[in-house]
Ligand code: SF4
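Residue numbers (UniProt numbering): 1 to 216.
As structure tokens, this is what we get:
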């Protein structure tokens, strides 16, 4: 087992027994998150819903089905990405997590991010977005408009699948946003290559839109 895999397993074990906030009293199962320890992509949702709480797995049910469709758009399956949430236990009645609950749970997500060191973090929904894009409004910053790089990771704000299921007119934008993922990773790799002082190949044969020229 790699160091990252061992760290992720330890975090999952700690989450399963965590009593650091009141959500521990109403959960059926904690949902630490799942995926390969060498995943380049980390998707972060808000918190477990009823199905996730029952199964102890993130993004199952209709939102998970749609997320899998989005991943298929870029040739990926859910087994190739790491999927986590801002809070690991279900808020009763699917209410929003309280700021105190998000704060209590933050160390787990922060440690997952450190262990994974993903190339790309995609936020799904408001609470996840707020962690990395404070004050952002998803309808304004989703997709390319919100993309930013911090260190060796690119952050991409996406609509939450549950939101798109309720607002199907957002689907074309959601598909366009997920299709950015491979290009953003390619661009990051290119920049890291350049920063290491090595000549790099062009990102791909598609022209770079003007608003992306200063990206990264
Ligand atoms: S939501 Fe997070 S902090 Fe609260 S009990 Fe669950 S694992 Fe612990």
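The beta carbon of each residue, even a glycine, is placed where N, CA and C say it ideally should be. As the structure is a prediction and not an experimental result, all values here were calculated from the model.
| Check | Outcome |
| --- | --- |
| Cutoff 8 Å; reference residue 53; Cβ partners in own chain excluding five residues on either side | 27, 28, 29, 31, 89, 90 |
| Residues near residue 61 in its chain [Cβ-Cβ closer than 6 Å; skip 5 each side] | 51 |
| Pairwise C-alpha distance: residue 42 and residue 175 | 17 Å |
| Straight-line gap, residue 117 to residue 63 (C-alpha atoms, nearest Å) | 25 Å |
| For residue 140, the first and last residue of its enclosing alpha helix (DSSP H) | 138 to 141 |
| Three-way DSSP call (helix, strand, coil) for residue 149 in this model | strand |
| Sufficient close CB pairs (3 or more, under 8 Å) joining the segment 79 to 87 to the segment 33 to 40 | yes |
| DSSP-derived helix/strand/coil call for residue 226 | Within the shown structure, residues of the chain are numbered from 1 to 216, placing residue 226 beyond reach of any answer. |
| Proximity test, residue 103 beta-carbon vs the ligand SF4 heavy atom, cut-off 6 Å | no |
| For residue 208, three-class secondary structure by DSSP | With a pLDDT of 47 at residue 208, under the threshold of 50, the modelled position of that residue is not reliable, and the figure given next carries that caveat. Coil at residue 208, not helix or strand. |
| Option in 196, 159, 190 with minimal Cα separation from residue 70 | 159 |
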